[in-house]
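Down below is the structure, laid out as structure tokens.
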Amino acid sequence: MALLFSLSSFTTYNIADNKEILTELEMMRLTDHVSEIKTFTSTNRGYSKKIAFLVDMKIKSGKNRFFVYDLENNKIIDQGLVAHGSGSETGIKGDILQFSNAPNSNCTSLGRYSIEKSYKGVFGKAFRLSGLDQTNNNALKRAIVLHCYKEVPDDEKEYYIINSHGCPMVSEMFFKRLEKIIDSSDSKIMLSVYY
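Mapping of the sequence shown onto UniProt numbering: position 75 corresponds to residue 75, and the numbering continues sequentially without gaps.
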């Protein structure tokens, strides 16, 4: 039995053109948060029942951890790298992160976000994020937005990528794909950031 358990803990899931490999534990975490999103969108009008974005902050920043999820067909349809806030670093580089909702903390905040209207800012087009939980309800006040930055790589790396000031920051190429999804959606898309 112990052997069976230890073997199953190394099970991987190949998703989206074999680029994405999730461990069983990562897949369980993702599935739990997908269930929360489905429950929320079933009782709250105005939110997409088709697409959701999920970010697993337990996955190292050099690996794909931002997932575009098809809620209707229950599958990941795209993924990419995403930076976490520099304030989330604890000195154990990327391995143990801390999270905060406090202004000027430069931390990533965990929780569910509503992706709001875009605007032109320092990094070009960006999408405002409205925090829906106690853990991230200062997002608008903190100017936490979904944006791209040229220093975020397009492909997975063996090292940690650049940090943000608390925003989910992605590569320019990945942002273009996300932007198409957000702009073509007739309802708000939810983003769930978890650890």
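Note that CB positions come from ideal geometry on N, CA and C, so glycine has one too. Since the model is a prediction, treat every value here as computed from it, not as a measurement.
Asked                                                                                                                                                            : Found
Between I159 and G85, which are expected to be in contact by the criterion C-beta below 8 angstroms, what is the C-beta distance as a whole number of angstroms? : For the record, residue 159 in the displayed sequence is Tyr; it is not Ile. The Cβ separation is near 18 angstroms, so there is no contact.
Please look up how many angstroms separate the CB atoms of S48 and T39, rounded, as I've assumed it's under 8 angstroms.                                         : At roughly 14 angstroms, the Cβ-Cβ gap does not stay under 8 angstroms, so S48 and T39 are not in contact.
Does DSSP classify F40 as helix, strand or coil?                                                                                                                 : helix
Excluding sequence positions up to five away, which residues of its chain have a Cβ less than 6 angstroms from the Cβ of E151?                                   : I162
What did DSSP end up calling E72 once you bin it into helix, strand or coil?                                                                                     : coil
If the criterion is Cβ atoms closer than 8 angstroms, does the pair A126 and L140 meet it?                                                                       : no
Which residues in the same chain have their Cβ closer than 6 angstroms to the Cβ of M28, if we skip the five residues on either side of it in sequence?          : none
Along the alpha helix (DSSP H) that carries D183, what are the first and last residues, could you check?                                                         : 172-184
Starting from the N-terminal side, write out each stretch of the beta strand (DSSP E) that is 3 residues or longer and does not extend beyond the region 47-133. : 47-56, 66-70, 75-80, 111-121, 124-131
Skipping 5 residues on each side, what residues in its chain have a beta carbon closer than 7 angstroms to that of G80?                                          : N64, F66, V170, S171, F174
So, are the CB atoms of S185 and I51 less than 8 angstroms apart?                                                                                                : yes
Let me check understanding here. Comparing Cα to Cα, which of N101, T108, P103, L71 lies closest to D56?                                                         : T108
Applying the criterion that 16 or more other CB atoms from any shown protein chain within 10 Å of the CB defines a buried residue, is R142 buried or exposed?    : buried
Hey, G166 and G111: beta-carbon distance below 8 angstroms or not?                                                                                               : no
Let me confirm a value: D78 is counted as buried when at least 16 other C-beta atoms fall within 10 Å, else exposed. Which label applies?                        : buried
With DSSP as the reference, label K188 as helix, strand or coil.                                                                                                 : strand
Got a sec? Which residues, its chain only, sit under 7 angstroms from E116 by beta carbon, not counting five neighbours each side?                               : F127, R128, L129, S130
Across which residues does DSSP place M169 in a beta bridge pair?                                                                                                : A83, H147
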